[in-house]
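Just so we're aligned, residue 8 is where the sequence shown starts under my numbering, counting upward by one.
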Amino acid sequence: MTSKPNSNSEVNLPHDPLPEELASIARAASVIAIGNIISRVLGLARDIAKSYYFGATGLVSAFNIASKIPMWFYDLLAGGMVNAALIPVFSSYSRAENRNELWLITSFLLTLCVAILTPIVILGEIFAEQIVWLVSGGMTFETLEITAKLLRITLPAILFLNFAGILAGLLYSLKRFTLPAFNAAMFNLGIVLCTIFFAESLGVHSLAIGLLIGSVLQVALQLPGIRDTKLSLVVDWHHPAIRRIARLYLPIALGLVVDMISRGVSYRLASATGDQSIAWMDYATTIMQFPLGLTSTAISIAILPTLARQANWTNQSGNKDFLETLSHALRLVLVLIVPATIGLLILARPVVELILEHGDFLPKDTEMTTYVLRLYLIGIIAAALDLPLVNAFYARQEAWTPAIVGVVGVIVYLAAALLPSLFRPMQLGDLIIANAIQLCYHAVTMYVLLHRRVGSMRGHRIMFTATRATLAASIMGLVIASTLWGTTNISWPNSTVGELASVLIPSITGIVCYITFMNIMKVPELAQIFQLIKPRVRQTATKNEN
């Protein structure tokens, strides 16, 4: 890496060039962020279509359960492996002279995927009713019956989702970020198109069919990126990389099994508070995930290959580069997620009205989704900071630590969720607040453990950035609230224009305010983001002129 700026001149940092590794991470994060933007937009389009045709009824809750079960199996297998094991191990074989070994390892994992998942899908098709009852037994019999039918449609997606996850790990390790960055976008696209074209004829089944199509599209999207690979059906249990992946993945798998049980219990508890509760939770989660995906998810994935290489260097040269990369990522996350959280907290209701309150989505659904969303936002900053911290442990191939912390986090969640029910009937809000408590516990614990294992991040300007981002975002929040009050007291031509104005005008005003105050306080990370954006804008302008 190139030399880093002296901490005494941090105020002048906006004018200095980015170090090579950090610039590379920023470019990768921007590609992933673009993919996330498109994915989140399509995710919103998916929920707009879903809410328009089916509202927040038991049908939507039925689909949400039928879609979550394949996703849980993805999270347990390839999804759990990608960051924790695949990228760190694949990265060690990513040099040109080791590519044949890399193809062999990937081939074996794909072969193993087929061997394990095919029987799981078959068993799921046979016992769909029993699976649905375990997860959401609190729903009515009619809703459970529909859920089982939808689950039989979505179960084969388990195979394709895991294929796509393994291929994404391969491409990320090769620093081919573009195609896998759009995986989730293709997944959502399948659901959106199928719902729009077939909702009236197939009903809620169109959502399940769209999910299956979207999982196939994820695999198809990445095929051009692996055209130079040599993949085949291979069985090689004795390859050292397979043993490394197994060693890294085992603690993650154990933690994810506990997490799956926790999610199942959570949905079971939510179903007991009403058939619509799961639908409200899912809509709120989609909106909350929008800023999270654009900030923390993109940055966390982008830093992992660099952290994995630097973790190997630390054996000889100390943890300086590793900590600088990680702290840089945390600062970028803070600069972006803090204003997004405050803005969304204030604009929660107008955002829900604009996106969802159409067709069969009723004002009561808007009220409940807004309520759930605001409770979810309590833990969003912790969730955003947690992702880079967890990936730092994965980069060091210390997978047991996040797994154990995750298991304890599940216990914290269940305790927080069930405690209020000792004194009164359980409410939906209890589950959301418990989730926020779990997220805060997990992030704080990961930071403390990393501090003890790797070293202190004092002097890396994290508090400098956090305090200034919070101050600027607080002023921004006042501006947004004032602007929102003004827009709601204007007579607009129609309700749609009014809803759009109530979101866009306060948002734009707030963004300008935040950028202005961050520039006044000379926060380096904001300038670095603009350094990254300006060349892309100039390139686009040049192309348009030509």
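Glycine included, each C-beta is placed from N, C-alpha and C at the ideal position.
No experiment lies behind these values; they were computed from the predicted model shown.
*Can you name the start and end residues of the alpha helix (DSSP H) that K529 belongs to?*
As a first step, residue 529 is located in the sequence shown; it is residue number 522 there, counting from the start. No alpha helix (DSSP H) holds K529; DSSP gives it neither H nor E.
*Host alpha helix (DSSP H) of M433 (start-end)*: Locating residue 433 in the sequence shown gives position 426, counting from the first residue. Unbroken run through M433: none, as it is neither H nor E.
_Beta-carbon spacing of G350, S514 below 9 Å_ = Position 343 of the sequence shown, counted from the first residue, corresponds to residue 350. Position 507 of the sequence shown, counted from the first residue, corresponds to residue 514. The answer is yes: Cβ separation under 9 Å.
_Three-state class that DSSP yields for Y100 in the structure shown_ = Within the sequence shown, numbered from 1, the residue matching residue 100 stands at position 93. It is coil, neither helix nor strand.
*Run of the alpha helix (DSSP H) containing V358, from where it starts to where it stops*: One-based indexing of the sequence shown puts residue 358 at position 351. Run containing V358: 355 to 363, per the alpha helix (DSSP H) assignment.
*asked:* Judging by CA-CA distance, which residue of L421, A424, A355, Y100 is the nearest neighbour of V379?
replied: Position 372 of the sequence shown, counted from the first residue, corresponds to residue 379. When each option's Cα is compared against that of V379, the closest is A355.
*Can you grab the Cα-Cα spacing for the pair S68 / A410, in whole Å?*
Residue 68 sits at position 61 when you count from the first residue of the sequence shown. Residue 410 sits at position 403 when you count from the first residue of the sequence shown. In a straight line, the C-alpha of S68 is about 29 Å away from that of A410.
_For a quick check, are the C-beta atoms of L116 and L93 less than 9 Å apart?_
As a working note, residue 116 is residue 109 in the sequence shown. As a working note, residue 93 is residue 86 in the sequence shown. Cβ distance < 9 Å, so L116 and L93 count as in contact.
*Is L446 near A402, with beta carbons less than 9 Å apart?*
To locate residue 446, count along the sequence shown from 1; it is residue 439. To locate residue 402, count along the sequence shown from 1; it is residue 395. No, the pair does not count as a contact, with Cβ atoms beyond the cut-off.
_Selection from I203, G484, D437, R159 that minimises the alpha carbon distance to Y60_ = Indexing the sequence shown from 1 puts residue 60 at position 53. Among I203, G484, D437, R159, the Cα nearest to that of Y60 is on I203.
_Cα-Cα separation between V142 and G505, rounded to whole angstroms_ = For the purposes of this step, residue 142 is identified with residue 135 of the sequence shown, where counting begins at 1. For the purposes of this step, residue 505 is identified with residue 498 of the sequence shown, where counting begins at 1. Roughly 40 Å separates the two Cα atoms.
*Under a CB-based cut-off of 9 Å, is F184 close to chain C?*
The chain inventory of the structure shown lacks chain C, comprising one protein chain alone.
*Just the C-alpha distance for T495 and L209, rounded to the nearest angstrom, thanks.*
What you label residue 495 is simply residue 488 of the sequence shown in a count that begins at 1. What you label residue 209 is simply residue 202 of the sequence shown in a count that begins at 1. Roughly 39 Å separates the two Cα atoms.
*How would you write the range of the alpha helix (DSSP H) that V242 sits in, first residue to last?*
Against the sequence shown, residue 242 aligns to sequence position 235. That residue, V242, is in no alpha helix (DSSP H); it is neither H nor E in DSSP.
*Proximity to T113 [Cα-Cα], best of C201, S509, V358, Y179*: In the sequence shown, counting from the first residue as 1, residue 113 sits at position 106. Nearest of C201, S509, V358, Y179 to T113, Cα basis: Y179.
*Would DSSP call P163 helix, strand or coil?*
The sequence position of residue 163 within the sequence shown is 156, counting from 1. DSSP places P163 in coil when its eight states are reduced to three.
*asked:* If the criterion is Cβ atoms closer than 9 Å, does the pair N107 and A286 meet it?
replied: In the sequence shown, residue 107 corresponds to position 100, counting from 1. In the sequence shown, residue 286 corresponds to position 279, counting from 1. In this structure, A286 does not lie closer than 9 Å to N107 by Cβ.
*With 16 as the cutoff for other CB atoms within 10 Å, does R102 come out buried or exposed?*
Position 95 of the sequence shown, counting from 1, holds the residue named residue 102. Answer is exposed; the Cβ neighbour count stays below 16.
_Quick check on N496: does DSSP put it in helix, strand or coil?_
In the sequence shown, counting from the first residue as 1, residue 496 sits at position 489. Correct three-state label for N496: coil.
*Counting along the chain, where does the alpha helix (DSSP H) carrying L66 start and finish?*
Indexing the sequence shown from 1 puts residue 66 at position 59. From DSSP, the alpha helix (DSSP H) with L66 extends over 65 to 81.
*Taking Y290 as the reference, give the member of S509, V223, V358, P95 with the closest Cα.*
Taking the sequence shown and counting its residues from 1, one reaches residue 290 at position 283. Nearest C-alpha to Y290: V358.
_Here's the rule I'm using: 16 or more other beta-carbon atoms within 10 Å means buried, otherwise exposed. How should R53 be labelled?_
As a working mapping, residue 53 is identified with position 46 in the sequence shown. It counts as buried.
*Give the range of the alpha helix (DSSP H) segment to which D289 is assigned.*
Against the sequence shown, residue 289 aligns to sequence position 282. Per DSSP, D289 belongs to the alpha helix (DSSP H) from 284 to 299.
*asked:* Can you give me the C-alpha to C-alpha distance between L83 and S98, rounded to a whole angstrom?
replied: Your numbering for residue 83 matches position 76 in the sequence shown. Your numbering for residue 98 matches position 91 in the sequence shown. So the alpha carbons of these two residues sit roughly 21 Å apart.
*Should the stretch 411 to 429 be regarded as contacting the stretch 263 to 282, the criterion being three or more beta carbon pairs within less than 8 Å?*
yes
*Thinking C-alpha only, which one of A336, R381, D235, A476 is nearest L314?*
Taking the sequence shown and counting its residues from 1, one reaches residue 314 at position 307. Measuring from the Cα of L314, the nearest candidate turns out to be A336.
*Any idea what DSSP makes of T280, helix, strand or coil?*
As a position in the sequence shown, residue 280 is number 273, starting the count at 1. Three-state DSSP puts T280 in coil, outside helix and strand.
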